[in-house]
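Notes follow once the structure below has been shown.
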Amino acid sequence: MTSSSPSAAVSAATVSTGTADPAGNAEQNEHAVAPAGRSRSRAAWLVPGLGLAPFVIYLALFFGLPVALIAFNAFRRKDPASGMTSFSLQNIDDSLHGVYRAALVHSIQLAAVTAFASTILGLLLAYAISSGRSGLLKQLTATSAAVLANFGGLPLAFLFVAVVGGAGVLTKILQSTFGLSLQDDLHFNLFSLTGVEVVYLYFLIPLMVLVITPALEGLRPQWREAAENLGATGWQYWRLVAGPVLLPNLLGSALLLFCSSLSAFATASALTNGTLAITPLQIDTAVSGNVLTGQENLAAALALDMIVIVVPLTLIYQYLQRRGARWLR
Amino acid sequence: MSACSSKSNASGGGSGSKASAATSAADLGGMDALVAAAKKEGALNVIALPPDWANYGGLISGFKAKYPGITVNSANPDGSSADEVNAIKSLKGQTRAPDVVDVGQSFAISGVADGLYAPYKVATWSAIPDTLKASDGSWVNDYGGYISIGCDGAKVASCPTTLAALNNPAYKGKVALNGDPLKANAAFSAVWAASLAKGGSLDDIQPGIDFFGQLAKAGIYKPVQASAATIESGETPIVLDWDYLNAAKTTDVNGKGGKWTVAVPSDAQFPAYYAQAISKYAPHPAAARLWEEYLYSVEGQNGWLKGGARPAEMTAMTSAATIDKTLAAALPAVSGTPTFPSDAQTTKAKTTLTAKWAAAVG
Chain C
1 MTSSSPSAAV SAATVSTGTA DPAGNAEQNE HAVAPAGRSR SRAAWLVPGL GLAPFVIYLA
61 LFFGLPVALI AFNAFRRKDP ASGMTSFSLQ NIDDSLHGVY RAALVHSIQL AAVTAFASTI
121 LGLLLAYAIS SGRSGLLKQL TATSAAVLAN FGGLPLAFLF VAVVGGAGVL TKILQSTFGL
181 SLQDDLHFNL FSLTGVEVVY LYFLIPLMVL VITPALEGLR PQWREAAENL GATGWQYWRL
241 VAGPVLLPNL LGSALLLFCS SLSAFATASA LTNGTLAITP LQIDTAVSGN VLTGQENLAA
301 ALALDMIVIV VPLTLIYQYL QRRGARWLR
Chain A
330 MSACSSKSNA SGGGSGSKAS AATSAADLGG MDALVAAAKK EGALNVIALP PDWANYGGLI
390 SGFKAKYPGI TVNSANPDGS SADEVNAIKS LKGQTRAPDV VDVGQSFAIS GVADGLYAPY
450 KVATWSAIPD TLKASDGSWV NDYGGYISIG CDGAKVASCP TTLAALNNPA YKGKVALNGD
510 PLKANAAFSA VWAASLAKGG SLDDIQPGID FFGQLAKAGI YKPVQASAAT IESGETPIVL
570 DWDYLNAAKT TDVNGKGGKW TVAVPSDAQF PAYYAQAISK YAPHPAAARL WEEYLYSVEG
630 QNGWLKGGAR PAEMTAMTSA ATIDKTLAAA LPAVSGTPTF PSDAQTTKAK TTLTAKWAAA
690 VG
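Chains C and A are the protein sequences, given in the same order. Just so we're aligned: the first sequence equals residues 1 to 329 in this note's numbering. Just so we're aligned: the second sequence equals residues 330 to 691 in this note's numbering.
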């Protein structure tokens, strides 16, 4: 009905054809009694199947193959003495113990904290924008959110260093005008865990605005009017109508932010230089550096750990998105 | 010689050509023949050579001026030793594969274990001390330096000259390394040097880790990668790095009003050399060998010296009076006798650092 519904329908169709082949086949077999219906259903299956081929090939090459290689390498180990390579669980074991385990826990904490904070802040911001009357403001926010959500890495880290670093512009102004030291009086240290969390919010909040705005705009004014006509208070409307409708989207968005934060790396690397132990930085240290040699298989094991964390979350995200789309189309 | 065409080696990286098997210029019939073969190949692929690192920019232009027929393709100038070794492995058989590498000592050793390097002895082989080369010529140390304290006198009241002196509240938020000690050799070596200064040894890097832990807790150590830009802005006025890398920042920093000084700390002399090696799969095997001859000539060695690094043949060249005396005198003074860690000690230090660093400074 609205402009968003066709694309939602297409993506839902893509998902079911792409991932649920066995189910589709079973369905065909059930209806195998009528020959005409059977041939039609096979043709109907074949045509979108052909259309999907480029996507499937792309998926296999750029997702399936790398994952398979990572999994393979994670279970390979080179014996330093003989130089022989064999299958082993040692890398996985190493990746789940000691400093690597600590980093994995740290990564999950960092991602959880930043995802939680940006979900709340992003939701409030998106609500403020979508309930506002200014069309221009909406467009401006949508555009800048799209830009800022992709503004990460080194440039972002150095932007923060230039503003609130030890010799940053704001740091100096605070010092000279108010006699306040950012680090001693306000206890803000950009080069610490808190600093990294604040910098992550810079691109996570716009990402939240980007993904939750369509859901907020899908809340129909009629629902609110109907609820009010039946005597509901504002709180009751949110608790019983809007909240449940938004919940799948909200949880799904939080998961997306979690995954995004978990895999972010360049910003943390530039700001902490090895003092913050998180898994993406450890993978980087293991595969590219001047100090450690022969750690490639351990890096693959660490990457596999992250895949194991992220894939179920992605599946839950997809499920929640589909549930959310039921009402908001 | 006729086999040395860069076009004929698309699949073998020059294997089969006479140059790829040559272990000295004499194998090819002397320097003139090597030059002719290299000119015929017409190109040299180098990797991970930053122009402002030990004067590599000057060395590359010197080589181009001397052998005008040879194009130098410089790939990934800011790459690491791991990137270089990966390039040899992954670009095997391609014309853009690296011909020569300049890697950290541990990658020289691991590369030999992986069979990546072609042994070659330059004409000045005997001038290189035995401790600085593999006996078969599969790698040769090229230039080295000491861990030093670079300090901007315009931003710091009194510049430290010992590592132990860094633990001083006056240096709060001012002390930086040139990277993550688990990734950057200079940063790793700085932690080890701090260990020597604080009662550790080449067998024990722990006191260095503890020392940086104290600096981190006191807010003195700032975990940001130092560069000329961070020094100029006052973000990192004190930097522990190789003396030649610290020295290379002098012009930049002083040009913007700084007072940059470089001192090798008196309480720890920690030296290290980088190593040259020729790729076994070099697409331009003759040019690779000519590049090595150039680097180990008087001109090449003085070229590194110009970048503030100490060339491998420094002792022999000092006796032969071929060293550039002005440049040699400009190097930061070193007191005491340096000792080099063994491979086993290096491995042990890395294992300890990997396990303990993040917890100590985090």
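All C-beta atoms in this analysis are idealised placements derived from N, C-alpha and C, irrespective of residue type, glycine included.
Is the separation between the beta-carbon of residue i and that of residue j shorter than 7 Å?
i	j	result
L302(C)	S95(C)	yes
N189(C)	D509(A)	no
A635(A)	L656(A)	The residue asked about is misnamed: residue 635(A) is Lys in this sequence, not Ala. A contact, by the Cβ cut-off of 7 Å.
D570(A)	A515(A)	yes
A365(A)	P614(A)	no
V591(A)	N575(A)	yes
L531(A)	A519(A)	no
Shortest alpha-carbon distance to residue i belongs to which of the options?
i	options	result
G391(A)	S435(A), N583(A), V627(A)	V627(A)
W521(A)	A513(A), K512(A), I538(A)	I538(A)
V593(A)	Y385(A), G637(A), L373(A)	G637(A)
I560(A)	G587(A), L461(A), D431(A)	G587(A)
L207(C)	P248(C), L257(C), V311(C)	L257(C)
L271(C)	G153(C), P221(C), G289(C)	G153(C)
R220(C)	A146(C), D305(C), S131(C)	S131(C)
A649(A)	A658(A), I476(A), A456(A), A513(A)	A456(A)
G563(A)	L495(A), N583(A), M643(A)	N583(A)
K501(A)	L511(A), A486(A), G433(A)	A486(A)
A266(C)	P155(C), K138(C), L137(C), A162(C)	P155(C)
V113(C)	L255(C), N249(C), Q139(C)	L255(C)
K484(A)	M646(A), V504(A), A641(A)	V504(A)
Would you mind telling me which residues of chain A sit closer than 8 Å to residue i, beta carbon to beta carbon, in chain order?
i	result
F191(C)	K551, P552, V553
A303(C)	Correct list: empty, because the minimum Cβ distance to chain A is about 16 Å.
V310(C)	Within 8 Å Cβ-Cβ: nothing; V310(C) doesn't reach chain A, min ~22 Å.
Q175(C)	The contacting residues do not exist; Q175(C) stays about 12 Å from chain A at best.
Q183(C)	G502, G548
What in chain A is Cβ-close to residue i, meaning under 9 Å?
i	result
T314(C)	Those within 9 Å of T314(C) in chain A number zero; the least Cβ separation is about 28 Å.
What's the C-alpha gap between residue i and residue j?
i	j	result
A597(A)	C488(A)	16 Å
G243(C)	P214(C)	15 Å
I534(A)	A142(C)	52 Å
G536(A)	I309(C)	With the sequence shown as reference, residue 536(A) is identified as Pro, and Gly is not the correct amino acid for it. For P536(A) and I309(C), the distance between alpha carbons rounds to 37 Å.
I278(C)	A526(A)	30 Å
Q674(A)	L186(C)	43 Å
V196(C)	L246(C)	29 Å
L373(A)	V401(A)	5 Å
E413(A)	D381(A)	18 Å
A117(C)	L201(C)	8 Å
W238(C)	Q222(C)	14 Å
A678(A)	W686(A)	11 Å
G252(C)	I120(C)	13 Å
E228(C)	L240(C)	12 Å
F72(C)	S288(C)	20 Å
I307(C)	G64(C)	12 Å
P22(C)	G49(C)	For P22(C), the predicted structure reports a pLDDT of 38, less than 50, and the residue's modelled location is therefore unreliable. A value from the coordinates is still provided. Distance between the alpha carbons of P22(C) and G49(C): 14 Å.
V690(A)	Y602(A)	27 Å
G166(C)	N497(A)	17 Å
A26(C)	L52(C)	Reliability fails at A26(C), whose pLDDT of 37 lies under 50, so the model's placement of it is uncertain and the value that follows must be treated cautiously. About 20 Å.
G479(A)	K578(A)	9 Å
A36(C)	Y319(C)	Here A36(C) scores only 46 on pLDDT, less than 50, and its place in the model should not be relied on; the value that follows carries that caveat. When rounded, the distance between both Cα atoms is 34 Å.
Which residues in chain A sit within 7 Å of residue i, going by Cβ to Cβ distance?
i	result
T293(C)	S435, F436, S439
L276(C)	G691
N150(C)	Residues of chain A passing the Cβ test: none, with the nearest at roughly 23 Å.
Would you give the residue range spanned by the beta strand (DSSP E) that residue i belongs to?
i	result
D431(A)	429-433
L506(A)	504-506
D471(A)	469-481
Q175(C)	Run containing Q175(C): none; DSSP gives neither H nor E here.
L569(A)	567-571
K78(C)	76-78
S608(A)	600-608
Identify the continuous alpha helix (DSSP H) that holds residue i and give its terminal residues.
i	result
P155(C)	153-164
K546(A)	535-546
L281(C)	279-287
L193(C)	193-218
W589(A)	No alpha helix (DSSP H) holds W589(A); the beta strand (DSSP E) holding it covers 589-592.
Residue i touches chain C at which residues, Cβ-Cβ below 9 Å?
i	result
A748(A)	As displayed, chain A neither begins before 330 nor continues past 691, which places residue 748(A) out of reach and without an answer.
A650(A)	What A650(A) touches in chain C: nothing, since even the nearest Cβ is about 35 Å away.
Which chain C residues are close to residue i, counting only those with a beta carbon under 7 Å from its beta carbon?
i	result
S562(A)	A167
Residues of chain C with a CB under 8 Å from the CB of residue i: which are they?
i	result
T683(A)	V99, L292
Less than 6 Å between the CB of residue i and some heavy atom of the ligand NAD, yes or no?
i	result
A519(A)	No copy of the ligand NAD appears in this structure; indeed no ligand is present at all.
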